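In what follows, a single structure is set out as structure tokens and then discussed.
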Amino acid sequence: MRAIISAANRDGLPELARDQQKHGIHIFSTSGTLDYLKTEGIHAESVSTLTQFPEILGGRVKTLHPAILGGILARRDLPEHVDELQTHAIVPIDVVVVNLYPFAETIA
200 MRAIISAANR
210 DGLPELARDQ
220 QKHGIHIFST
230 SGTLDYLKTE
240 GIHAESVSTL
250 TQFPEILGGR
260 VKTLHPAILG
270 GILARRDLPE
280 HVDELQTHAI
290 VPIDVVVVNL
300 YPFAETIA
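Numbering (this note's numbering), first residue to last: 200 to 307.
This is how it looks when you write it as structure tokens:
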């Protein structure tokens, strides 16, 4: 199983990530979250390993990519979805942990 974790508010995140790993879930994260998880001693990989594309525009674009969205949205009970995932080398993503950065504070 795979999870994407991208969180601006990281309260409780180490415990959640460790619990996911105990259950065999492989974690992929965006750069800021990845750095944070690593400082907490948690192994994770960059979402760029899934997309084969770097984060761009100062980190504003990182997960809006078919390799991420397809992995999240694909229905594994539909053979045509499974076929498309295989055709495009997209891996299924089982868990999404996300919260948004504080927009009001960011633009102030």
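For glycine and all other residues, C-beta sits at the position ideal for the given N, C-alpha and C.
Model, not experiment: these values are computed from the prediction.
DSSP bridge partner residues for residue i (one or two, in chain order)
i	result
T201	Looking at the sequence shown, residue 201 is not Thr but Arg. Note: R201 sits in a beta bridge opposite H225.
S245	S228
A206	N298
8 Å contact criterion, which residue i and residue j should meet: CB distance rounded
i	j	result
A273	P253	Their Cβ separation, rounded to whole angstroms, is 24 Å, which puts A273 and P253 out of contact at 8 Å.
H243	L233	The sequence given here places Ala at residue 243; His does not occur at that position. Right, the Cβ-Cβ distance comes to about 5 Å (below 8 Å), so this counts as a contact.
L299	A207	6 Å
D293	R201	6 Å
T229	S205	4 Å
Contact under 8 Å by Cβ, residue i with residue j
i	j	result
I203	V281	no
I289	G258	no
H264	T250	yes
Per-residue burial, residue i [other beta carbons within 10 Å of its own, 16 or more giving buried]
i	result
V246	buried
A303	exposed
K261	buried
- Please specify which runs of the beta strand (DSSP E), each continuous and at least 3 residues long, are wholly inside the region 249-302, giving them in chain order. 294-298
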